[in-house]
Amino acid sequence: MEEMDTEDQEPLHQVNATSCCAKSFTLMYSSWLSSHLRICAFVAGAFLLSSLTVSLCFSELPEFDDPAKEFITIGTPMAARLYQLKALQYNTISVPSMHQNIARTPRSIPAVEEIRFCFELPDQQSDQLWTRFASMGKMVITLHDIDTNQTFPTVPGAVQSLCHLQRRIEQLPGYARLCSKASLFDPHSHCCPVWSLPNFVASIVRKTSCETVTSADVARVHSLVQVCRAFFLSGELKRSCWDAASPSHWLCPGVPRECFAHPHLLLLLAIAGPLDTGTSAWNSTLFVLPVWPQVGLALWRDASLDNPQTLSKLTENLTVPLTIEAIDLGVYNDLSRYYLLSDSVWLALGAGCLAVLLLIMTDGCVSIVAVTFLAIAWSLVVAYALYTRVFKIPSFPLINMMSIVLLLGLGADDILVFFKVWKSVQPVPDDVKSLTDKSVRLATTLNHAVPSVCLTSLSTLGGLLISLNSDIVAVKRFSAFASLTVTCHMLYVFVTVPVALLLFIPPTRRTCLRAPQKRVSLAALIVRVRFIFPFLTLAVIGVSIYFLFFAGRLTFPAGSLQPAFYKETHPTEVYKRRGNEFSWAENTLRRYQGLVTVHMVWGVTERDPRSHWTWVPQEDTLQHIAWDSDFDILSPEAQSWLRTFCTELTKMPRSFVAPQIPVRRSYLEASSLLPVSSSSRCPFGRDVFSIGDYMASIDCSSVHTSPCCSNDTAACLAAYALKSRFPTGLRFSPHSSKVVGLLISAVANVSLSNATYSEMLTYTQELQSWFSSILSTAPRGLSRGFVVSQELAAFDTYQDLLKFLPLSIALSVTLAASLVYLSTLNLPLAFTSLVSVMASLLLCCLFLVAFDEWTLGIVEVLILSLSAGLAVDPCIHLAFAIVRSTQATLEWSQRCRTALETVGCAVTGAALSTAIAGSAVIPSSLKCYHQMGVFLLILMTSSLAFCGAAFVGCVACFPNKCASPCRSSRRENFS
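Numbered according to the numbering used here, the sequence shown spans residues 415 to 1389.
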């Protein structure tokens, strides 16, 4: 017996503890389980098989048509205002009803228009040119490895290389079949021409093909661009200069005559020309392809446009090296479904890497690998069935798919802990005659593994459930589904693993490739240099805090506030993020389409009746309107205050001033996108339907001095309203002529296309302060008004993140430390684990920001909220092993060494399995897969370093008087 104790350095319980364990419930359960093993195996198998079959039969595959649709807030003040604004617009009408008690006709779904296979050419003066430009496919081409001072017109052969590239694009698989044709009736018609720099140059110099363009032609057009660009940007050079009514130099007298060479010069300047006022940065240009969004996904799939090799072949062997920088075919949302299938390859690779690692760590134990992957599959399928059928949550957000990566990384941890403890238990002594060897071994395994697995699973669940504090629909639903998967996995482990250990794992088989001397040496080394770890941990915390918060490395994403779903280098993601940097037309379109429209609303109160669990993206019925019972617009006080408000409306912060002259919507001109000057109207005046008109219409029912007044009041109101060119904002009940609400709109000179989070925060604060100061003087009938903007819905999401992240991280870290305390009843151990988890999290965040360029986006914040629950696992396992040590000495250094020798292999294997599974999905195109993979790799590395080695090193520095009193009494009982 003494020889066995000296050779095997990793016992969990000595012989003198067996008599105590024999009386425990765990030992009784283990004895019964081993005695009725076949019955238990049959029951467990039947339970797993039946639940899996039922889940598969009654579940339907989710749809991922729009990955951003669930990224909305519910329950916030902004969400309540937006809901009531839409409810007011839906349940009321802007023109009073001609008849009493007319029920409102339900809103019908608009019919899908047929695909228009061709678009009108630019010289046909289409008034829908902006719409066509926004709908057609686009490619951004840049000069490659050429000095920034060089441009397309100045580099010899650059325009000709663009022409060759254009021909190659037109020869892509599927392009000729899917492109818009020049004729709808000729089946042999060619594709419509690409709007590109080579084609515009050829058209301006009166040539039929870009292949015949010479360097002299390029120089001539370059000269025109240099002369005419300033006049184009100022609006003096426009399509009306070519009207047939008069000569061009009469219509546009301030423009040089050479600028009237061809109308296509305008399109060149708008689409293919440089973005700034000069031509020094003309090293990128835009191709507008005759491909509509309806066929964009088919072209993307047929041509493999996301494959770097495809893009390289398109640009290889050109006279001037070119690079395809970005692509937009209008299929941003549709690509999510496509990549869910293609990225399954990386999930399979992660599963394969996990299987290989498990085989290595278990010395070829195939049964453990099978049990692990069955656990992952069963947990996902059953959790999805519970999510959709039992809890009846109507939609399945795309980010829920991150649960697959999460479970793939964590699926082996608990099973590996059971396996390692099972193999490390010493044989049963000869004095225990009434029990079998397997019973005592299983009881000892359960005594150690079950508390550890419960605590680690609870820490993970805690990090997930804390996400329920968020008001974002997608975040709440991810938290629910991921929590279900973790719960199902824990249930599977407790039901299946004990039976599997008894059936498939012989106690005498050594299943881990052991190197006792090396492992003992590593444990001894950590204990020997233990005094370094406290200083190292504090230094990492200080340095990480400085770089993340004081140096400003951790920031909100710049540009669009919408979440990104693909990797930063993906061509479509590049165009979504930076498309306005390559073309004046795209920059102008995004700027004016992103202008914030501010609505000032009266007649309803702020209330959001929706639920995060029942809301569906296609929700079209807005019946839960909260009427303001005090609303009154007809009193003299209300009318007097409204006149004052209309005067103050011109002082709204950053109010947009539009031109008064009606614009001509012909070519790609900025004036065609400007909001009309009367976009904001106050309910006063005779040119529009006003309060005065309303009062007169009420009076006319008795005076009868107007033809309309011979009918009812509603007819008179309608007669006034139909003369109005612009809506006034008065909202009427569809069942009567009563005014039930007031809606005044104004456009702010703030665009979501280029505004950062800090700029939007400043503007919303200014706007709310301005409106609150005016509303403070309003009479009672108008005192409940509020200001809201539909464009600020994405900003409200980030506002929720700003409140959610600090709270979730704090609660997760506190929960992790609390679990360590509950498992050890030792306050110094819990405090040390708290510091270790903080160091691990801060270092992980610093590496994510430095190496993967993370910002505080929605997906990133959601992933970071899980970090504490995952990082604390090594602390829990090691702390539990430290306090359960039955060494004769109470020295912390000896306990820490024993704990490392006991569960160090299991902790390392669990962290490695998670890290390897995560690293396998890093190349995924879906950003949520990629980010979850990078996160698991870096977090497990930092967790193993600080929640493993550094935690044990810090605990080894404790003085012996910090030993837990209850632990001492427990040791006395054992002796």
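We put the beta carbon where it would ideally sit given N, CA and C, even for glycine. Because the structure is a prediction, the values reported are computed rather than measured.
- Contact annotation: Ser1339 and Ser756 have beta-carbon atoms nearer than 9 Å.
- Here DSSP, grouped into helix, strand and coil, assigns Asn747 to coil.
- Annotation for Leu713: the continuous alpha helix (DSSP H) segment containing it runs Pro707 to Ala717.
- Remark: C-beta atoms of Glu625 and Val608 do not approach each other more closely than 9 Å.
- Within the model, the alpha-carbon separation for Phe646 versus Leu680 is close to 7 Å.
- Thr487 is bridged by DSSP to Ile886.
- Annotated three-state conformation of Phe970 is coil, per DSSP.
- For the options Asp720, Glu1305 and Cys471, the alpha carbon positioned closest to that of Arg803 is the one of Cys471.
- Here the alpha carbons of Lys806 and Leu882 stand approximately 17 Å from one another.
- Minimum Cα-Cα distance from Ser1186 among the listed residues Val1201, Tyr1177 and Ser1172 corresponds to Val1201.
- Cys1258 is the residue among Pro670, Phe996, Cys1258 and His1291 whose C-alpha sits nearest the C-alpha of Gly1347.
- One thing to note: Cys868 has its Cβ no nearer than 9 Å to the Cβ of Ala797.
- Between the alpha carbons of Leu1003 and Gly571 lies a gap of roughly 31 Å.
- The distance from the Cβ of Pro985 to that of Ala888 is about 25 Å, inconsistent with a contact at the 8 Å cut-off.
- For Gly1199, the three-state secondary structure derived from DSSP is coil.
- Around the Cβ of Lys500, a 10 Å sphere holds fewer than 16 other Cβ atoms; the residue is exposed.
- Under a 10 Å Cβ-count criterion, Asn1163 is classified as exposed, with fewer than 16 other Cβ atoms of the shown protein chains found around its own Cβ.
- Contact between Cys593 and Val641 is absent: CB atoms are separated by about 35 Å, not below the 8 Å threshold.
- Residue state for Leu682 is assigned as helix, using DSSP reduced to three classes.
- With the rule of 3 Cβ pairs closer than 8 Å, the segment 823-830 counts as touching the segment 775-786.
- If you check the CB distance, Ala1370 and Leu1351 do not come in under 9 Å.
- Per DSSP, the continuous beta strand (DSSP E) segment holding Ser1159 begins and ends at Val1153 to Ser1165.
- When beta bridges are read from the DSSP output, Gly551 appears opposite Leu703.
- Contact between the segment 1245-1261 and the segment 951-970 is present: three or more C-beta pairs spanning the two stretches fall below 8 Å.
- Here the alpha carbons of Leu878 and Asp851 stand approximately 40 Å from one another.
- Between Thr1061 and Phe485, the C-beta spacing is not below 9 Å.
- With respect to Ser1327, Val1286 sits apart: the two C-beta atoms are not nearer than 9 Å.
- For Gln498 and Arg991, the gap between their C-alpha atoms comes out near 32 Å.
- Phe614 places its beta carbon 9 Å or farther from that of Ile555.
- Minimum Cα-Cα distance from Thr874 among the listed residues Phe1059, Lys1065 and Ile1277 corresponds to Ile1277.
- Pairwise C-beta distances place the segment 461-481 out of contact with the segment 729-738, as fewer than three of them are shorter than 8 Å.
- Residue pairing by DSSP places Cys605 opposite Lys595 in a beta bridge.
- For Met1252, the enclosing alpha helix (DSSP H) stretches over residues Leu1241 to Asp1266.
- When rounded, the separation of the alpha-carbon atoms in Pro707 and Glu1051 is 53 Å.
- Note on geometry: alpha-carbon atoms of Thr1191 and Asp1042 lie some 18 Å from one another.
- Taking the Cβ atoms as the reference, Leu950 lies roughly 6 Å from Ala1364, within the contact range of under 8 Å.
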